[in-house]
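Okay, so here's the structure we're looking at.
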Amino acid sequence: MNILISLFTKPLYTFGFFVRTLKGVGYFLFRGRVSFKILIMQILFTFVEALGISSLLAIGIGAAVNVIGIPFLAKLSQERLIYTLLITIITRELGPLLAAFIIIARSATAIATEIAGMVISHEVEAYISVGVDPIEYLAVPRFLGVTISLFLLNIYFSIFGLAGSFLVAQLFNPMPAVIYFDNLLQILSIHDILISIMKSLGFGMIIAIVAISRGFEVERASTEIPVAGLKAVGAAFAGCIILDIVLTALYYMSLI
C-alpha cells in the first residue's frame, strides 16, 4: 500500500517542486547576486569539467558511425547517406541523450547528496531561520546551472562529434573539409536543431529538479544521504528516457 501511495505522490511532489522552482527563477534573476556564485560554480562543474569525457564520447560515436556506416553504404552505392546518419545519431538522437547521461553520472548524485547533507546538518533550517528562501538560494541556481550546462554540452557534443568524424572519414574516403561540412549542412535542417535544443533543455530541467528534490526529501539519518543520490540517478535516467521517447515520437509524427 505504501508503495502505491509513493508512486502517486512522488510525481506530484516533484511537479510541485518544479513549479515552485520556476517561481523562484524570477526572484533569482532580480536579486540573486548572493547565490550567483553558486550558478557559476555549478556551470563550471557540470559543463566545463565534463568537456573531457564528452570529447572522448563524441569522437567515439562519430568514429563508430563512419567505421561501420561507410563500408556498408559503399556496398549499396549510397555513401552520401553517411551524412544523414551522422546528423540523426549525433545531433538529433544519441548526442542529447549521452550528454544527459554524462551529467546524470557526474552532477545528479553530487547535487542530491550535497542538498541532503545540508538538510541533515540543519543548514537549510538555518537559512529559513534568518529569512533566506532555500529554494531561491539553493535550488534555483543549481536548476539554472544544470539546464544551461546541458544545453551547452549538447552543442559542444554535436560540433565535436561531427568535426571529429571528419578525421575518421579521411581514412575511408579522403575529401576536402569544405565538401564534407557543406554536405553536412545540406542535410542538417532547422527541425533537427530545434528537437536537439528541446531535448537538451528538457533533460537539463528533469535532472536538476529530480536531484534537488530528492536531496530535500531526506529527514534525519545520515544514511539517507547516499540513498538520495541513488534515487536521483535512477529517477533522472527514467525521466530523460521517457521524455526522449515522447519528443522523438512527436518529431516523427510531425514529419508524416
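Each number in our numbering corresponds to the 1-based position in the sequence shown with 30 added.
Note that the Cβ used here is the ideal one computed from N, Cα and C, for glycine as well.
Keep in mind it's a predicted model, so treat the numbers as computed, not measured.
Please state whether the Cβ-Cβ distance between residue i and residue j is less than 8 Å.
i: residue 146; j: residue 242; result: no
i: residue 149; j: residue 78; result: no
i: residue 269; j: residue 227; result: no
i: residue 162; j: residue 234; result: no
i: residue 129; j: residue 84; result: yes
i: residue 204; j: residue 68; result: no
i: residue 158; j: residue 51; result: no
i: residue 125; j: residue 232; result: no
i: residue 220; j: residue 48; result: no
i: residue 214; j: residue 74; result: no
i: residue 65; j: residue 210; result: no
Look at the alpha carbon of residue i and the alpha carbon of residue j, and state the distance between them as a whole number of angstroms.
i: residue 229; j: residue 278; result: 9 Å
i: residue 135; j: residue 263; result: 7 Å
i: residue 114; j: residue 178; result: 28 Å
i: residue 260; j: residue 98; result: 36 Å
i: residue 184; j: residue 250; result: 37 Å
i: residue 142; j: residue 274; result: 23 Å
i: residue 280; j: residue 217; result: 20 Å
i: residue 137; j: residue 154; result: 20 Å
i: residue 100; j: residue 109; result: 6 Å
i: residue 267; j: residue 173; result: 17 Å
i: residue 180; j: residue 188; result: 12 Å
i: residue 96; j: residue 41; result: 41 Å
i: residue 245; j: residue 102; result: 48 Å
i: residue 127; j: residue 88; result: 12 Å
i: residue 271; j: residue 139; result: 18 Å
i: residue 258; j: residue 144; result: 10 Å
i: residue 55; j: residue 72; result: 16 Å
i: residue 133; j: residue 106; result: 38 Å
i: residue 256; j: residue 53; result: 29 Å
i: residue 43; j: residue 283; result: 31 Å
i: residue 45; j: residue 111; result: 42 Å
i: residue 156; j: residue 186; result: 39 Å
- Runs of alpha helix (DSSP H) wholly within the segment 58 to 135 (minimum 4 residues, chain order): 66 to 76, 81 to 105, 111 to 116 and 124 to 133
- Three-pair Cβ contact test at 8 Å for the segment 77 to 95 versus the segment 119 to 133: Flag = yes, the segment 77 to 95 and the segment 119 to 133 touch.
- Message: Could you tell me which whole alpha helix (DSSP H) segments of length 4 or greater appear in the segment 162 to 226?
- Response: Taking only runs of at least 4 residues, the alpha helix (DSSP H) segments lying wholly in the segment 162 to 226 are 170 to 202 and 207 to 217.
- Task: Take every Cβ of the segment 199 to 208, pair it with every Cβ of the segment 67 to 87, and state whether three or more of those distances are shorter than 8 Å.
- Result: no
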